[in-house]
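Sequences listed follow chains A and B, in order.
Final position of the first sequence in the numbering used here is 575; the numbers increase by one with none missing.
Final position of the second sequence in the numbering used here is 1150; the numbers increase by one with none missing.
There are 2 protein chains.
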Amino acid sequence: MADKIYRINMSELSSSIEDVPESWAGHGGRGLTSTIVAAEVPPTCHPLGPNNKLVIAPGLLSGTVAANSGRISMGAKSPLTGTIKESNAGGTAAQLLARLGCKAIVLEGQPGDDKWYGINISADGVTIAEESELIGKGNFAVVETLEARADRKKGIIAVGPAGEMKMAAANISVKDPDSHIRSVGRGGLGAVMGSKKVKFITIDAGEGKVDVADPEAFKLANRAFAKALIDHPVSKGLGQYGTDVMVNIINESGGLPTRNFSLGQFDGHEKISGETMHDVIEERGGKPKHGCHQGCVIQCSQIYNDAKKNYKTSGFEYETIWAVGADCCVDNLDHIAEADHLMDDIGIDSIEIPVALAVAMEAGVLEFGDGEGVCRILREEVAKGTGLGRIIGAGTAVVGKAFGVTRVPVVKNQGIPAYDPRAIKGIGITYATSTMGADHTMGYAITSNLLNVGGSVDPLSNEGQVELSRNLQIATAAIDSTGMCLFIAFAALDDETCLPALVDLINARFGINLTGDDVVSLGKSILKTEKAFNEAAGFTKADDRLPEFFSTEALPPHNVVWDMPGEEIDKFWDF
Amino acid sequence: MADKIYRINMSELSSSIEDVPESWAGHGGRGLTSTIVAAEVPPTCHPLGPNNKLVIAPGLLSGTVAANSGRISMGAKSPLTGTIKESNAGGTAAQLLARLGCKAIVLEGQPGDDKWYGINISADGVTIAEESELIGKGNFAVVETLEARADRKKGIIAVGPAGEMKMAAANISVKDPDSHIRSVGRGGLGAVMGSKKVKFITIDAGEGKVDVADPEAFKLANRAFAKALIDHPVSKGLGQYGTDVMVNIINESGGLPTRNFSLGQFDGHEKISGETMHDVIEERGGKPKHGCHQGCVIQCSQIYNDAKKNYKTSGFEYETIWAVGADCCVDNLDHIAEADHLMDDIGIDSIEIPVALAVAMEAGVLEFGDGEGVCRILREEVAKGTGLGRIIGAGTAVVGKAFGVTRVPVVKNQGIPAYDPRAIKGIGITYATSTMGADHTMGYAITSNLLNVGGSVDPLSNEGQVELSRNLQIATAAIDSTGMCLFIAFAALDDETCLPALVDLINARFGINLTGDDVVSLGKSILKTEKAFNEAAGFTKADDRLPEFFSTEALPPHNVVWDMPGEEIDKFWDF
């Protein structure tokens, strides 16, 4: 079955299934979302107006049995940053869409009235139905109700109350194989979906299957690829302790942003570390290893139960644990898990919101360390859209502006994640130059700065960081196009069999003959497409800078500042 | 007495009185604030951090008997827009500072603790004293208390609760000759003063006097100048009906932004017009004519009493009446007067706040037309810094972001004032290109677009608007440097004796020989200084654009959109 573009117009409540333009054919995932957004969205449009489009695309390898290929990309002009945006997650939607032959959903326009809609996509096409029962409901209720409504398993993509309220930090939830939730977290894409009055999209793949041009070659390549993933020591650490394995590593490095980025180490780090979490999970009969999508061989997710051994959350990530934990000084893992659960249910970015809360703590809205207060604000303010809830829900930069705070860790209005750029300078280049605002996943320089993956670059020196971030961002843009989880990068950087196997997978899937160089070219061209959109939207190199306080406030324990010259940062784009 | 720079460092709680550098000597008012900010403030600094500076400067002619020369300029990097900012007001401070020989106050640094301070400036120098009694108090209480404390009349510059809370729309209040309040309104300069923990500055001029180099020539020039002002028909209209004379004029033109910039005419315009206000004032024993500073011959201010004939507000401006009135659809002048009074007391911009409230109304926070609701939000939310109050206090753009509204009338994050750029295109060029965000006073194209002052340019055509705005912005930058009220511009544009008389005044004051061309050069160089600061802060021509909705939503009754090409706008800077 030839892949098609599913175009859904919410102004007209109509849809069409279109052939894929030739220039889009080689793209998938982020490459495709960015290509379509750049082609069809006016860069200066209001992100929540009818001219923005939400593009949802499985990766090039999604729907196949290739290991770790179940990520779904979503893209639009971001209401948080004003830049082009792609964010991706696991769950079942990527594989189901791919099996339906849906190369991308393009959700455009917006209704002229206040009605809400649910969309179903199946082999019979697209239906758009008015929805009222689920409006105002949290994601868990949405998933439960939609599953009860359906006679068979469907994929679900949904927004919670945050998306309905068009909060700039609203995310989009994707149902995972266990009917839990994965999040397309960053950049406020949930607000874009909400602005189009779409509460959910269900996906029924029926008997659809992905055609593989050379099944035998595919099988061989997948075997080599999966082996490389499984064998890498970082994969093992991720499987055992989850991404939260990073707490102790980053704390040790002195780059764990603590108390709203005023310290580089957190006294309570042991209490929230991956090692501790692992023990708590085991004690309470949870699951320390769990895949966010079928076919994952790393299994960094987990099932975290509460003290009564009832399910509390899954996909309990380092970034969230760091943000509610070290950055807000909360050293109680159960409070953090409750906050994670609430943010999943509200449908809001679990990085942006606690980073914003730490700024609010600095303004005196609540005390640092008050984990119950964090949960109360999420439940009583953010979920209900009160004044304070709207401030927090609009993200870190708005909190800074509303309360007149000067230590506001954002780049292009997006909250900076779990690695302080003063002590880990490579990631600072990524924050500064990323086409999507501060985002560690765009070029995870922690690899060479701290993990000795793909070589080693001194984290405290300015030397070599630009090149490191550049190479990583190019590779990441390509990986994000395949539907692969970014965690294949560790093996790809260290194991010489990994990347060739990935290229072989793509070639076997489509019957083509890409080389490693083609993949690098793809990554470069995606970054340039994204940058051109941002330039047309008004961004310049002056936006590729970190906030003033990183240069003026030294970070303990290394007592370092961010002193990367602007001209050095700008060399990032020399390719 | 030679003029001096009074430098006050709030990090050290110290002050120094310095000679004026030669390159600053020819500057006053806005020319001086912008010159000093450009020279001493790092363009990328946080506006509320220690590296921003608040510069306060009387004009070149302030402190003399020259008609209408009592405006005081204040400048800094704006917390609202991120651009350089100057805003000016009447009151007594300009004349008192000039008589003290203070060419500018440079307020820099910020205390490391939470203490608040009051500053007194007199012939004996500067004193900085800790203040507690007045912290949290509104401007009226501040003025009353400070007057009670002093044994003689002093000038007062103060911030209200909004400035203390560092709200991005906080203004700075200046006491007028009747102990009422004039506002340095736009751009959030009150937050900068608040960030430096200065609640007020009192000025005691003692027996100080301004030296005039050629008193006889000065007297003659002032006579001609004052006559030109008095004789101009617009001056007469302003004296009779206040600036609110514009309501009917702009409504008639179809360019009165109504219901959050969705209509060009307001049904209730008669109820809030200058003509109606005049009658109400007379009925209630108020004062229809009143000067905001000594020496004003236009007297556009007034004393507006409530229904019980008690004082309610003064300086009750068209912009405020339009914003609470037409833009929020409130057709009750007493509600608008109460809102004006509250905003003066809270110390917050009476343009930005109602423009922000209209956006909040569109989001459903309160009903359009609910004047009591506006007052309640000001009193119960903004003044108290609740969540909603913080959103409103942060200005129009933040309200739009917090509530996900797409019709958000701002340029460079500053709320657009009382003239719709779709129907009055010259002012649209000013909004787009002003170095300070949307601001009608930067180049008041209403002159030729509607008032037949300085010629006539069709308001609905794109032709001639760039040149019109350019000439006005250059002239305005120069006028803002003299300490003159901008309303001298009407006479200056139409009466050929006016501008030469103004130049003669400056020459007689300083014993120099400027020509009209020198004044134009001064205006140009101020604009270029300001633009260079903004460019270094990261602004580009992409920021010189109006929001998308002006191009996509036609404005009744003319059903016109903003369709000025970007390249045309950019020609503004061809000088």
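Yeah, the Cβ is synthetic: ideal placement off N, Cα and C, and Gly gets one too.
All values reported here derive from a predicted model rather than from experimental measurement.
| Check | Outcome |
| --- | --- |
| Entirely enclosed alpha helix (DSSP H) segments - the stretch 712–744 of chain B, minimum 4 residues | 714–724 and 736–739 |
| Contact between the stretch 1053–1066 of chain B and the stretch 799–808 of chain B (3+ Cβ pairs under 8 Å) | yes |
| Contacts of S195(A) in chain B (Cβ-Cβ under 9 Å) | G979 and T981 |
| Reduced DSSP category for C102(A) - H, G, I as helix; E, B as strand; rest coil | strand |
| DSSP three-state assignment for R7(A), whether helix, strand or coil | strand |
| For G295(A), the nearest candidate out of P557(A), K528(A), A66(A) and D458(A) (CA to CA) | A66(A) |
| Supposed close pair L333(A), C375(A) - CB separation, criterion 8 Å | In fact, because the Cβ distance is near 13 Å, the residues do not count as touching under 8 Å. |
| H27(A) at chain B interface by Cβ criterion, 9 Å | no |
| C375(A) - DSSP class collapsed to helix/strand/coil | helix |
| Chain-ordered neighbours of C620(B) on chain A, where CB pairs are closer than 7 Å | E548 |
| Test item: CB-CB of T406(A) and H621(B) under 9 Å | yes |
| Same chain, Cβ closer than 7 Å to G812(B), five either side skipped, listed in chain order | V820 |
| Residues near E706(B) in its chain [Cβ-Cβ closer than 8 Å; skip 5 each side] | W691, Y692, G693, K774 and F775 |
| Cα-Cα separation between G730(B) and A723(B), rounded to whole angstroms | 13 Å |
| Y419(A) - DSSP class collapsed to helix/strand/coil | coil |
| Residue-level contact to chain B via CB, R259(A), 9 Å cutoff | no |
| Per-residue DSSP class, three states only, for L682(B) | strand |
| The stretch 838–857 of chain B / the stretch 1031–1043 of chain B touching (three or more Cβ pairs under 8 Å) | no |
| Option in S481(A), E568(A), E567(A) and S521(A) with minimal Cα separation from S34(A) | S481(A) |
| contact_flag[the stretch 1070–1088 of chain B, the stretch 892–905 of chain B] where n(CB pairs < 8 Å) is 3 or more | no |
| Closest residue to M1017(B) among M936(B), A998(B), P1034(B) and R761(B) (Cα-Cα distance) | R761(B) |
| Coarse secondary structure for T981(B), derived from DSSP in three states | coil |
| Under the three-state DSSP convention, the category V1078(B) falls into | helix |
| Simplified DSSP assignment, three categories, for D451(A) | Per the sequence shown, the amino acid found at residue 451(A) is Leu instead of Asp. Helix at L451(A). |
| Backbone CA spacing between R422(A) and S469(A) [nearest angstrom] | 15 Å |
| Per DSSP, the bridge partner or partners of D594(B) | K579(B) |
| Start-to-end residues for the beta strand (DSSP E) that takes in R182(A) | I181 to V184 |
| Neighbourhood of G385(A) by C-beta, 6 Å cutoff - its chain only, sequence neighbours within 5 removed | M165 |
| Beta-carbon contacts of G830(B) that lie in its chain and below 6 Å, excluding the five residues immediately before and after | G839, Y994, D995, A998 and I999 |
| Chain-ordered chain D contacts of R545(A) [CB-CB under 9 Å] | Here the protein chains are A and B, and chain D is not one of them. |
| The stretch 167–186 of chain A touching the stretch 69–86 of chain A, judged by at least three CB pairs closer than 8 Å | yes |
| Neighbourhood of V408(A) by C-beta distance below 7 Å, restricted to the same chain and skipping five residues each side | V359, T396, A397, G400 and P547 |
| For Q815(B), the three-state DSSP class (helix, strand or coil) | helix |
| CB-CB length for D919(B) against I756(B), believed under 8 Å | 5 Å |
| Chain-ordered neighbours of M165(A) on chain B, where CB pairs are closer than 7 Å | G979 |
| Reduced DSSP category for F836(B) - H, G, I as helix; E, B as strand; rest coil | coil |
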